[in-house]
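Take a look at the structure below.
Residue numbers (the working numbering): 2 to 159.
This is how it looks when you write it as structure tokens:
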């Protein structure tokens, strides 16, 4: 089992983006803030969202959280929730428009959606679970090794 940690790149990008937005509002004059109050509130909201999310990712990285798989199944989020091998129908690579977003998508069989929803304590079942590549240190290696393991597991079922 190999743990694929959270990359420092998104943490730094979110911190830098949120920090730049926050500090730009700190150095604006009071007249500018009051004349554009709506934009100021929206800007401050987004800067706090970016900063809080970057701190969340940094905390999870320090705690040793990440994505991995074992004999039971695949960990699909930073909370440690798993999709078990016998629940999975397919695993695919997904590339968004323009190649900006890449992810490994895990498709459980439709008969298992409700079990996974209950186990994850979600309100609605999810038809696919995405592991976004921008969060992972070595995403290509992770996907390649996961696909090898998936082939072995699916061959054992047949």
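Just so you know, even glycine gets a beta-carbon here, dropped at the ideal spot from N, CA and C. Predicted, not measured: the structure shown is a model, and the values here were computed from it.
Task: Same chain only: Cβ atoms within 7 Å of residue 107, ignoring 5 sequence neighbours per side - done: Hits under 7 Å: 75, 77, 84, 89, 92, 129 and 130.
TODO: Provide the residue span of the beta strand (DSSP E) that contains residue 89, from first to last.
DONE: 89-96
Open item on the list: For the alpha helix (DSSP H) containing residue 7, name the first residue and the last one.
Closed with: Here residue 7 belongs to no alpha helix (DSSP H), and DSSP marks it neither H nor E.
TODO: For my contact list, residue 118 and residue 126 are in at a C-beta cut-off of 8 Å; report their separation, rounded to the angstrom.
DONE: 4 Å
TODO: Look at residue 41 and residue 16 and say whether their C-beta atoms are less than 7 Å apart.
DONE: no
Open item on the list: I need the straight-line Cα distance from residue 99 to residue 139, nearest angstrom please.
Closed with: 21 Å
- [ ] Thinking residue 19 and residue 51 are a contact (beta carbons under 8 Å), I'd like their distance in whole angstroms, please.
- [x] 3 Å
Open item on the list: So the candidates are 73, 109, 132 and 124; which of them puts its Cα closest to the Cα of residue 102?
Closed with: 132
Task: Assigned secondary structure, residue 75 (DSSP; H/G/I helix, E/B strand, else coil) - done: strand
TODO: Inspect the beta-carbon positions of residue 97 and residue 6 and report whether they are closer than 7 Å.
DONE: no
Task: Rounded Cβ spacing between residue 86 and residue 147 (contact assumed at less than 8 Å) - done: Residue 86 to residue 147, Cβ: 11 Å. No contact.
- [ ] Give every residue of the same chain whose Cβ lies closer than 8 Å to the Cβ of residue 47, excluding the five residues on either side of it in the sequence, and list them in chain order.
- [x] 19 and 22
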